[in-house]
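To start, the structure itself, in structure tokens.
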Amino acid sequence: MLTILAAAVLGYFLGSIPAGYIAGRIAGLDIRTVGSGNIGATNVTRTLGKRFGYPVFAFDFAKGLAAIILSRLIANQGDAASANLVDLCAATAGGAAVLGHSYSIWLGLRGGKGVATSIGVLFGVAWPAALIVCASWILVFQISRYVSLASIVAAITLPITTTALFLMERLKTPILIYFSFFLMLIVVLRHRSNLSRLLDRTEPRFERK
6 MLTILAAAVL GYFLGSIPAG YIAGRIAGLD IRTVGSGNIG ATNVTRTLGK
56 RFGYPVFAFD FAKGLAAIIL SRLIANQGDA ASANLVDLCA ATAGGAAVLG
106 HSYSIWLGLR GGKGVATSIG VLFGVAWPAA LIVCASWILV FQISRYVSLA
156 SIVAAITLPI TTTALFLMER LKTPILIYFS FFLMLIVVLR HRSNLSRLLD
206 RTEPRFERK
């Protein structure tokens, strides 16, 4: 129990580091007051350009991946670490990292939409699933130029992919299937306003510069 709690605390505090907010402050503004008001890499790129947006994406990705790597190290400290315990710690830390990003303690429990952090988590827990999810994101984005739509479709693709991998015996336990449904729920809920704008056809496309 203490191992799982440690993984949760570690994941949350890693995820809560607001890279987009910090990048905005370095550039001399509060990123929450411009563009969409989101601290994620998409709004940072739109507002401040690739020079700030790409590092923010990389940092948000890295903190999700780091949460998984460190949680597995914690789980493997015991002599009787089982596959279930390792996967449970990874899922707990990964979920906590996404929640930390979306509801950062440093920003009054506000934050980003968790996409980049979720991708980092995915590469840590099941890289084949991560590749498929990324491919679906790229495909939808290239066709539609809607970042939000691509993120929602990728999130829905995730539990389908992890279920298929488990049935193919590429995953040791079903824990990551349940975790993938949790990630999907968080990402879709964080995109509620985007869904409304997509239905109203008022969602801005990501235009090529």
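Going by my numbering, the sequence shown opens with residue 6, and the numbers climb by one from there.
Ideal Cβ positions, reconstructed from N, Cα and C, are used throughout, including at glycine.
| Item | Value |
| --- | --- |
| Below 6 Å CB to CB, which residues in the same chain sit around alanine 96 once its five sequence neighbours on both sides are set aside? | Ile180 and Phe184 |
| Please report the distance separating the alpha-carbon of glycine 209 from that of arginine 202. | Per the sequence shown, residue 209 should be read as proline rather than glycine. One C-alpha to the other measures close to 9 Å. |
| On the criterion of 16 or more Cβ atoms from any shown chain inside 10 Å, does tryptophan 132 qualify as buried, or is it exposed? | exposed |
| Round the Cβ separation of valine 152 and serine 123 to the nearest angstrom and send it over; I've been treating them as touching at under 8 Å. | Actually they are not in contact, since the Cβ atoms of valine 152 and serine 123 sit about 14 Å apart, beyond 8 Å. |
| Excluding sequence positions up to five away, which residues of its chain have a Cβ less than 7 Å from the Cβ of valine 61? | Ala24, Gly25, Ala28, Ala46 and Val49 |
| Should lysine 214 be labelled buried (16 or more other beta-carbon atoms within 10 Å of its own) or exposed? | A caution first: lysine 214 carries a pLDDT of 48, below 50, which makes its placement in the model unreliable, though a value can still be read off. That one is exposed. |
| May I ask you to report which of helix, strand or coil DSSP gives serine 41? | coil |
| Applying the criterion that 16 or more other CB atoms from any shown protein chain within 10 Å of the CB defines a buried residue, is arginine 30 buried or exposed? | exposed |
| Taking DSSP as the reference, what is the three-state secondary structure of serine 156? | helix |
| Are the stretch 69-85 and the stretch 13-20 touching, with three or more C-beta to C-beta distances below 8 Å? | yes |
| Check each candidate in Leu154, Leu170 and Ile165 and name the one with the smallest Cα separation from leucine 216. | Residue 216 lies beyond the range of the chain shown here (6 to 214); nothing can be said about it. |
| Our contact map puts valine 126 next to alanine 160 with C-beta atoms below 8 Å; I'd like the distance itself, whole angstroms only. | That belief does not hold up - the Cβ atoms of valine 126 and alanine 160 are roughly 12 Å apart, past 8 Å. |
| List the endpoints of the continuous alpha helix (DSSP H) containing proline 133. | 132-149 |
| Locate the alpha helix (DSSP H) running through arginine 47, then write down its first and last residues. | Looking at the sequence shown, residue 47 is not arginine but threonine. It spans 46-53 - the alpha helix (DSSP H) in which threonine 47 sits, taken as one unbroken run. |
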